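Notes for the one structure printed next.
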Amino acid sequence: MPELRPIDDSAADGHAADHAAIDRLASELLPALIAKLGATGLGELEVRQDGWRVRLRRPADSVVRGERRSPGAARSQPGHSGHGHGPLPTEGTRQARAAASTNGSGPGGHVAVGPGRGTSADVPSDGPAMAVSPAVGMFRPDPDSTAGRRVRAGDRLGVVDMLGVPHEVVSPVDGILGEQLVDGGEAVEYGQELVVIEFAEAPATEA
Amino acid sequence: MFRKILIANRGEIALRILRACRTLGIEAVVVYSEADRESLPVQLADEAICIGPADARRSYLSAPAVISAALVTDCDAIHPGYGFLSEDEGFADVVAAHGLTFIGPPAEVLERFGSKEATRRLLGSHGLPTIPGSDGMLRDDLHALGEADRIGYPVLIKPSAGGGGKGMRMVRTPRELESALRVCRSEAKAAFGDDSLYLEKWLDENRHVEVQVAIDRYGHGVHMFERDCSVQRRHQKIIEEAPTPALSQQAREDLAERAIRAVVAAGYENIGTLEFLVDRDDKPYFIEINCRVQVEHPVTEMLTGIDLIATQIRIAAGEPLGFSQSDVTLRGHAIEFRINAEDPAYEFRPATGVVERYHAPGGPGVRMDSHLYEGYEVPPFYDSLLGKLIVWGPDRQAAIARSHVALEELLIEGLTTNVTIHQALLGNEAFLEGHMTTNVLDRVGAAAFLAAAARS
C-alpha cells in the first residue's frame, strides 16, 4: 500500500500545490517504484523527494510467494503417481509448462478476477488483482501494457487470439500494472492469470 | 498413427478415450470447462486445458474453443466422444480445415448421413427395411398433417439432427400433432441448432435393436452383431444388453449382415451404429445411424473382446481394420446399466451433490466405467450420467445373477441415483423373460416397478 504524505504539514503551501505534487508523484514516481519493488523482491521501499515521502509496502502475506494456480495449458502427470490410490488433490500438484517463466518472481497472494473466478467485490482494496484470459489461444499483450502503467477497470491490456479472432484481455480493477505472467505469443487457457494488477481498487459500482 | 489427441468431452467417456489413447501409445489432452476443473479425467490426463466456462455452449460445444485448444497443445487429432460436437459435420469440416483429424467419419461422410430422413431413404435403397415415414422434411403444419394422415396415427415427430430424445414426441391425433410440432421445433432448435423435423410411423410395442459396425477407409467392414436397448424412459436408454433376447440367432445374424452390406455399399466409414425398431412380429425397421461411439459400446466390447474406441482411432488414422468378419465372435451375454444422478421415485428428477462415499463393484465379468471419486461434486450443468456398470456372464441368466450382486455392491453416497430402478427391473418378470419394449417404463411408470420390487 503506498503512503503519500508531506513530511512536514507546514511545508505544503496550499491545496493546488498538493494536487500537482500528488499527480506528478503518482504518474512518474510510483510506477518506477512499483517496477523496482517487483524486480527486487523487497518488502518495502521508501523515497524522500521535495519534502514528500513515498513509502511502498507489499501486503504482509505476499512477501512469501503463494502457490498461484498454474497456467495449466500443459502439466505433468499427477495421475501416474497416484495409481491405485484414487484421485489426488489437484491444486498442489499442477505444474505449468509456462511456469518456468513465472517462477521465482512476482508477488503472490493474488486475487484473480475475471471469467467465473469470483467477482471484483472479492478484491481487497489496494491488494493485487489479476487480469485473466477470456479464451483459449495465443496471448498478445498490447505494447503499452508495461509494468507501472496506471489502468482503470475495463482498460484493454491485450488480446487472446482464438483461431484468428481476438478476445480482449481487460483489467478487472483500477490499479497499476505489475508483472506480466505470460510472454506474448504463448498459449494460454481460459481463465489463466496473465497480468498482475497492483494496488487494485475494486470498481466503485461493485465495491 | 496420431501423436497426440485432444479429448473434447467430459465424464466417463473422456476417461474411456484417455485409456484407449494410452493403450495405443498416443498422448492425450483433456479439455475441461471451469465446472469440471476437479474432474477425474482432468486429474488423470497427461495434459488438461480449460476451454471455457461451465455453460457448454461456450466450452464443450464451442468449435473455436475446442479447435484452438487442439492447436495450442500441438494435437493432431480431436476425439469428440458422444454428444456435444460428435455428430456435427460443420465441426468435422472446420477441424479438417485446420489440418487436424476428426476422429469419426470424414466430414463428407457425416454430411451424407447427417440427415436422418435422407439416410433412411439412402439405406432403404441399399436393401434395409425402413419404417414408413414422411416424404422428406416437414415443410409446414399442413404438410405434416397430410403426411401423418397418409402414414396413419400414431406417429412420432423426430428432429433431423441430434439424439437423446430431444425434440421427439409421439402423437395420436391431428390436434396433438399441431401443438407438439411447435414444442419439437423449439426443442430441436435449442438442442441442435436445427429445427427441421420429420415423421415416422409409431410402433406401439417395439423393441430397440441396434447393429454395431466398423468400416475402414478402404471399404472393408465388419459388423459386431447387435445390442438390445429396449429399456428406455422417454426415449433415453437406461439398460442395454446383448445378444437381444427378442430375436432368434438366425434373425440376429440376418439383421447384422444386411446392415453391414447396406452401409458399406452406401460408403460409410469408421465405427457406427444402425438403429432398428423391431415390431411384435419380429420384423425390423431401420430408423437411424449414429456416426459416433455410443454410450453402450462396452456391451459389444465385453462380448467380442474388441476395443471399439481404439478401433475408431485406428480407422480415423487411415489404418486398415486388420480383422475380418470371421474374427468377430460373440461369447456369453452382457448387460449395461446406466447409473444416473436422478431420482426414479420422483419422475427421474436430476440430482446433484458431492459424492461422499464411492465403491465400484468388482469380480469376474464386472466392469465399471465411471468418473466418480469420493469428494467429487457432480456439477448441475451437464447430463446426469455418473457411470456405466457392465456385467458379463456366460449366458443371460448368469449375467443377471452377477448384475444383482454388482448393483448391490455399488456404493454411491451423497446423492440420489437410479440404482433402485435397475434393481427393480432386474426382479421384473417382463425383463427377466426378455419382453421389455421401449414404452413399458413410461406406460407403467417407474413408481409401479419400484413398488413391486419393494413388495417382493
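In order, the protein sequences belong to chains A and B.
The numbering of the first sequence is the numbering used here, which starts it at 155 and goes up by one.
The numbering of the second sequence is the numbering used here, which starts it at 409 and goes up by one.
Cβ coordinates follow ideal geometry from the N, Cα and C atoms, glycine included.
Because the structure is a prediction, the values reported are computed rather than measured.
Sequence-distant residues of the same chain with beta carbon closer than 6 Å to residue i, five excluded per side
i             : result
residue 428/B : 717, 718
residue 240/A : Below a pLDDT of 50, predicted positions are generally treated as unreliable, and residue 240/A, at 36, falls in that range; the measurement from the model is reported next regardless. Answer for residue 240/A: no residue qualifies.
residue 730/B : none
residue 785/B : 762
residue 756/B : 750
residue 495/B : 699, 700
Same chain, Cβ closer than 7 Å to residue i, neighbours up to 5 away in sequence not counted
i             : result
residue 872/B : Residue 872/B cannot be examined here, being either before or after the span of chain B that is shown, 409 to 864.
residue 776/B : 768, 769, 795, 797
residue 858/B : 752, 753, 828, 829, 832
residue 739/B : 711
residue 490/B : 421, 700, 701, 702, 703
residue 601/B : none
Residue range of the unbroken beta strand (DSSP E) whose run includes residue i
i             : result
residue 441/B : 435-441
residue 681/B : 678-686
residue 638/B : 629-641
residue 765/B : 765-767
residue 647/B : 644-650
residue 348/A : 347-355
Limits of the unbroken alpha helix (DSSP H) element including residue i
i             : result
residue 846/B : That residue, residue 846/B, is in no alpha helix (DSSP H); it is neither H nor E in DSSP.
residue 613/B : Run containing residue 613/B: none; DSSP gives neither H nor E here.
residue 584/B : 582-600
residue 778/B : It is not in any alpha helix (DSSP H) - residue 778/B instead sits in the beta strand (DSSP E) that spans 774-778.
residue 692/B : It is not in any alpha helix (DSSP H) - residue 692/B instead sits in the beta strand (DSSP E) that spans 692-698.
residue 567/B : That residue, residue 567/B, is in no alpha helix (DSSP H); its beta strand (DSSP E) goes 563-567.
residue 661/B : 657-673
residue 421/B : 419-432
residue 555/B : 549-559
residue 480/B : 471-480
Contact check, residue i vs residue j, beta carbons under 8 Å
i             : j             : result
residue 847/B : residue 747/B : no
residue 623/B : residue 698/B : no
residue 400/B : residue 540/B : No statement about residue 400/B is possible, as the shown extent of chain B runs from 409 to 864 and does not include it.
residue 311/A : residue 336/A : no
residue 473/B : residue 486/B : no
residue 458/B : residue 344/A : yes
residue 683/B : residue 744/B : no
residue 314/A : residue 291/A : yes
residue 725/B : residue 690/B : no
residue 865/B : residue 667/B : Residue 865/B lies beyond the residue range present for chain B, which begins at 409 and ends at 864; the question has no answer from this structure.
residue 322/A : residue 288/A : yes
residue 499/B : residue 526/B : no
residue 631/B : residue 674/B : no
residue 661/B : residue 607/B : no
residue 642/B : residue 501/B : no
Residue i burial status per 10 Å Cβ neighbour count (16 or more: buried)
i             : result
residue 409/B : exposed
residue 418/B : buried
residue 468/B : buried
residue 342/A : buried
residue 538/B : buried
residue 507/B : exposed
residue 256/A : In this predicted model, residue 256/A has a pLDDT of only 33, less than 50, meaning its place in the structure is not dependable; the value taken from the coordinates is given anyway. Its Cβ being crowded by 16 or more others within 10 Å, residue 256/A is buried.
residue 465/B : exposed
residue 707/B : buried
residue 423/B : buried
residue 874/B : A query on residue 874/B cannot be resolved here, the shown segment of chain B reaching from 409 to 864 and no further.
residue 613/B : exposed
residue 685/B : buried
residue 609/B : buried
residue 444/B : buried
residue 415/B : buried
residue 788/B : exposed
residue 638/B : buried
residue 440/B : buried
Cβ-based neighbour list, residue i, same chain, cut-off 8 Å, excluding 5 preceding and 5 following
i             : result
residue 309/A : 324, 325
residue 838/B : 844, 848
residue 413/B : 425, 429, 434, 435, 436, 437, 483, 484, 485, 486, 487, 511, 721
residue 532/B : 538, 694
residue 715/B : 428, 431, 709
residue 782/B : 763, 764, 765, 766
Discussion item. Restricting to runs no shorter than 4 residues, where is the alpha helix (DSSP H) found entirely within the region 498-536 of chain B?
Written reply: 515-520, 524-533
Discussion item. If we require 3 or more residues per run, which beta strand (DSSP E) segments fall completely within the region 798-854 of chain B?
Written reply: 819-821
Fill in: Those runs of the beta strand (DSSP E) which lie wholly inside the region 280-344 of chain A and span at least 3 residues
283-286, 291-295, 310-316, 319-324, 328-334
Worksheet item: Unbroken alpha helix (DSSP H) runs of length 4 or more, entirely within the region 710-759 of chain B: which are they?
Response: As summarised for the region 710-759 of chain B, the continuous alpha helix (DSSP H) elements at least 4 residues long and confined to that stretch are 716-724, given in chain order.
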